[in-house]
Structures are given as structure tokens and as C-alpha cells.
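Presented below is the structure to which this report refers.
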Amino acid sequence: MKIWSTEHAFSYPWETVIKAAMRKYPNPMNPHVVGVDVLDRRLDAEGRLHSHRLLSTEWGLPAIVRAILGTNHLQTYVKEHSIVDPEEKKMELCSTNITLTNLISVNEKLRYTPHPDNPEVTILTQEAIITVKGASLSSYLEGMMARRMSANARKVTLTHIYIIA
Amino acid sequence: HLFGFSVAAMNSVGEACTELKREYDQCFNRWFADKFLKGERGAEPCADSFRLYQRCVQKAIKDKDIPVDGLDFMGPNKDKPDG
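This is the structure:
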């Protein structure tokens, strides 16, 4: 099991960042999100918006892993639950894979909040727990995933800037 | 396009649903930005386009055998949708 966490600061107000976050999926865990569908959406009694989304992702895997798994395309589906609280200015998001669960489990949490001292800045806190099942592949895949996420963490920042701008 | 994936528009899991999804997304995004984030209480006005879109997506999910209901999903909090 590998746990990975990071924090980003965006130089934009919370509302701007949230709008960008709802429109697309700037997720370092899933650099190849090919589809996003809303499965359920509702307002709760406190006026918070809950969304359940289904993400279709494709993982680019190294040749050796592809050979072992016997597939080129690793299409994975991820279910995501987000809550947007417009009064508290908080967006929380949890996601987990619902296919290939016999091989790997990726659980991720994201939270967007305004910077406590500067309303022009938004903080994104990310946390991911990755568990690869099967001892032989485990350490190799986990290491690969963690490296990929570190590399993609930078991309997320740039993507956000691109969307907002 | 940035980093090889589309920033503007995502597809639906059902190829046939992408157009319905975009119509719904457009309605939702407008409400989300112009009403919801500005503190206006009141329901999202996109129920009709959502219904059409859902009918299509649910069929695609069934056809592709995607286990959307097979997992006890742990959200940011555990309260379940009440309908």
C-alpha cells in the first residue's frame, strides 16, 4: 500500500477554481479520463450539491505490465462522489475504481478550500491510497503509480491555469 | 488541448449519449455558475435534459456491464441519497 498526498495553491478565488473543477476532470490520478458521466445529482437539506459521477479512464501501462495483464488498453471505471458547499466554500471529492478491483484499488480524496488568509488563493489538498493486489507486481506497480502521480501533480496546476485563463 | 487530453468536452461512456450529455452539461454549468455558486437557493432547472441523458447512460452502463452499483461507495461523508 502506498499513500500519497500533496497540496497545491491556485492563484484564483475559490468560485473560479470550483467552476473549472466541475467542468472537467483535472485529476493527477487519472491523466487519461476519456469520459465523464453524471449518475446522480441532488441538493441536500443544507443546500450542498452532491454529484455522483462515473469516469471512464485509460491507463497507459509499460509493456512489461501489459504483457503480464494481457491487455493493451487498460480501461478502468472510477466512481466519484463530490460535495460542493457554497456557503462554507468547500468542495470535497472522493473517488475509487470500480473495475480491476481484483488487481488494484485506488482511493483518492480531494478538497478545495479558500486560503485562510487570502480569498484570492485556493488550496487543493489531495490524498491517495493505492493498493496493488498480488505480491509480485505490487511494489513495482505501486512505485510506478507514485512516480506518475508526482509527475502529474505539476500537470494539474498547469491544467487549472489553462482552463481558468 | 493540453497534455494530450481534451479540456473542452468529455465524452459519455455511451457513444450515443454524448450529445445528450453536452446538452445537460451546458444547462447544469450555467445554473452552477450563475445561481448556485452565487448563493441562490432553488432546484437545478435541468431535470428534463437530465432524464433524457440518464435513460441513455443507464442503458450504456448495462450494455457494457459496468458495476456502478456493485460497490458500497464511501463518499466524503456517508449519507446516502434519499431519492
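Quick note, the sequences are listed as chains A and B, same order.
For the first sequence, UniProt numbering begins at 1 and goes up steadily by one.
For the second sequence, UniProt numbering begins at 1 and goes up steadily by one.
Don't be surprised by glycine CBs; every beta carbon is placed ideally from N, CA and C.
{"Query": "Quick check on B/PRO67: buried or exposed, where buried means 16 or more other Cβ atoms within 10 Å of its Cβ?", "Result": "exposed"}
{"Query": "Let me see if you follow: with CB-CB separation under 7 Å, is B/PRO67 close to chain A or not?", "Result": "yes"}
{"Query": "Does the distance from the C-beta atom of A/TYR112 to that of A/MET145 stay below 7 Å?", "Result": "no"}
{"Query": "Would A/PRO114 count as contacting chain B if we go by Cβ distances under 7 Å?", "Result": "no"}
{"Query": "Along the chain, where does the beta strand (DSSP E) containing A/THR113 start, and where does it finish?", "Result": "104-115"}
{"Query": "Tell me which residues share the same chain as A/GLY35 and place their Cβ nearer than 6 Å to its Cβ, disregarding the 5 neighbours each side in the sequence.", "Result": "SER56"}
{"Query": "Below 8 Å on C-beta distance, what does B/LYS59 contact in chain A?", "Result": "Correct list: empty, because the minimum Cβ distance to chain A is about 12 Å."}
{"Query": "Looking at the C-beta of B/SER12, does it have a partner C-beta in chain A at a distance below 7 Å?", "Result": "yes"}
{"Query": "Can you check whether the C-beta of A/ASN30 is within less than 7 Å of a C-beta belonging to chain B?", "Result": "Any answer about A/ASN30 is weak, because its pLDDT of 48 lies below 50 and its placement is not dependable; what the coordinates show is given next. No, because no Cβ of chain B sits closer than 7 Å to the Cβ of A/ASN30."}
{"Query": "Using a Cβ cut-off of 7 Å, pull out every chain A residue sitting near B/LYS21, in sequence order please.", "Result": "ASP37"}
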